[in-house]
Each structure stands twice: as C-alpha cells, then as structure tokens.
Amino acid sequence: EENQKPKDEL
Amino acid sequence: MNIFRLCGDMSHLAAIIILLLKMWKTRSVAGISGKSQILFATVFTARYLDLFTSFISIYNTCMKVFFIGTVYFTIYLIYMKFKATYDSNHDSFRVEFLIVPVGGLAFLVNHEFAPLEIIWTFSIYLESVAILPQLFMISKTGEAETITSHYLFALGSYRALYLCNWIYRYYAEGFFDLIAVVAGVVQTILYCDFFYLYITKVMKGKKISLPA
Numbered sequence: 192e193e194n195q196k197p198k199d200e201l
Numbered sequence: 242m243n244i245f246r247l248c249g250d251m252s253h254l255a256a257i258i259i260l261l262l263k264m265w266k267t268r269s270v271a272g273i274s275g276k277s278q279i280l281f282a283t284v285f286t287a288r289y290l291d292l293f294t295s296f297i298s299i300y301n302t303c304m305k306v307f308f309i310g311t312v313y314f315t316i317y318l319i320y321m322k323f324k325a326t327y328d329s330n331h332d333s334f335r336v337e338f339l340i341v342p343v344g345g346l347a348f349l350v351n352h353e354f355a356p357l358e359i360i361w362t363f364s365i366y367l368e369s370v371a372i373l374p375q376l377f378m379i380s381k382t383g384e385a386e387t388i389t390s391h392y393l394f395a396l397g398s399y400r401a402l403y404l405c406n407w408i409y410r411y412y413a414e415g416f417f418d419l420i421a422v423v424a425g426v427v428q429t430i431l432y433c434d435f436f437y438l439y440i441t442k443v444m445k446g447k448k449i450s451l452p453a
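Protein sequences appear in the order of chains A and B. Using the numbering used here, you'd call the opening residue of the first sequence number 192 and step up by one each time. Using the numbering used here, you'd call the opening residue of the second sequence number 242 and step up by one each time.
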C-alpha cells in the first residue's frame, strides 16, 4: 500500500 | 512525539555516549565489536538518506546528524585511533550472513517497491540483527566489561521503548507500521538473554561472565 505518512521516527 | 519514543531516543543517545566515554576514558576498544558498529553505520546511512530532502523537526535532524556522526567516529576509534586494542580475533561474526538475507528480504517484503522505501526497509531489517556480532563476541570472550553491559542495556532498551511507542501510536493516532514493529520485536528479543544477565548480575554489582 502507499506510504501512510512520512518517516517521522529516527 | 510521545514519552515512550522520547525515552527511547534518549536511551539510544545514552548508549552511544556511554560507548564513546568507555573508549575515550579507557583509551581502549577492548570487548567492542567493530563489525556491529559498521552495521549500525550502514543502518543510519541507509535510513537517514532523507536527511537533506525531508525536514521533520530540529530535534529529528539534530538526532540524525548526531547518530551518523558518532557511529562513524566510533568506527574511526576502533579501526584507527585505538586499533591496537581492537580484538579482531574475537570479532569474527560473518556479517555477510546477515547483510545478504536482510538485503533480499528488503526487496521481497516492503511497503512500496521504490528505491528509497527498499533502502529504508533494509535499514530496519539490518538494525534488528546489527547487534549480533557484538553479542557473539561477548559469548566468545565469555565476559563483558560493566560499562559495555550498560551500553548494551541502554541500546536494547531503546527499541523496547519504541515498541511501547508503536502501541501508543496505534491507539492514539491509528499509526501502524508492521515492518518496523516486527523488526523491533526481533531486535528486542535478541537482547532478552542479555537483559536477564544484566538484571540478575550487573544490577548486583557483579560482572557478566558467560560460560565461555
């Protein structure tokens, strides 16, 4: 599936 | 951001600082696996490729720069500055047995078959097994310096705290990333044996000494 959200975790 | 992830990042930060302090103060990298540090450098490089393209927050950018900077500095200390104290005989884990399967898995199981996404997935899978050369080295030498035990405890706690962060984010934001969660569970499980030794021994002032 599409990326749910930008990678905001380290 | 939530308290679990903040504690996780602080635990990760503490682990890296403990490791650097150990090396700098004792001017020795005895008992430290250079191979694990190389794997960690690969993880951070692959994961933070978006460092200059996507801005999340000052905190996010600073932490990424710090993690990348310190891991390469650690490799410099191990393989150059304190090379004489590096125990390459005991740091003999075959990392190609990790990189190849992890690389293949990243191609097969990912959220989106796109270069950046596959590289990110590779970094997630690789991080879950990156500590194996270090744990293998401790099992070969049969013991770990107390400061190295603190390093491993902080490093193992960071991903355990991230698991709590993902539980929280699932209920609070409906956020769920199966790949990160599964890799995080594997990563934390690999530390369980060490956590047991740490809590039963190091917390009582003893040294960790495995049956060699």
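For glycine and all other residues, C-beta sits at the position ideal for the given N, C-alpha and C.
Per DSSP, cross-strand counterpart(s) of B:I449 | B:A385
Proximity below 7 angstroms, CB of B:P374 to CB of B:S274 = yes
C-alpha gap between B:L262 and B:D434, whole angstroms = 25 angstroms
Provide the residue span of the alpha helix (DSSP H) that contains B:E353, from first to last.
-> Element bounds for B:E353: n/a, residue is neither H nor E.
Please name the residue, chosen from B:M242, B:F245, B:A255, that lies closest to B:L396 on a Cα-to-Cα basis.
-> B:A255
Is the Cβ of B:M454 closer than 7 angstroms to any Cβ of chain A?
-> Limits of chain B in this structure are 242 at one end and 453 at the other, which puts residue 454 of chain B out of reach.
With DSSP collapsed to three states, give me the class of B:G275.
-> helix
Show which residues of chain A have a CB atom less than 9 angstroms away from the CB atom of B:D291.
-> P197, K198
Taking Cβ to Cβ, would you say B:S277 is nearer than 7 angstroms to B:I372?
-> yes
Ordered along the chain, which non-local residues of its own chain (more than five positions away) have a Cβ less than 6 angstroms from that of B:Y399?
-> G249, S252, H253
How about B:I360: is its C-beta nearer than 7 angstroms to some C-beta of chain A?
-> no
By how many angstroms is the C-alpha of B:F394 removed from the C-alpha of B:V289?
-> Sequence check: residue 289 of chain B is Tyr here, not Val. C-alpha separation (whole angstroms): 24 angstroms.
Report the residue from B:K305, B:Y366, B:V443 whose alpha carbon sits nearest the alpha carbon of B:G386.
-> Note on identity: in this sequence residue 386 of chain B is Glu, with Gly being the wrong assignment. Of the candidates B:K305, B:Y366, B:V443, the one whose C-alpha sits nearest the C-alpha of B:E386 is B:V443.
Should B:I297 be flagged as near chain A, meaning a C-beta pair shorter than 7 angstroms?
-> yes
Is the beta carbon of B:L280 less than 7 angstroms from the beta carbon of B:Y392?
-> no
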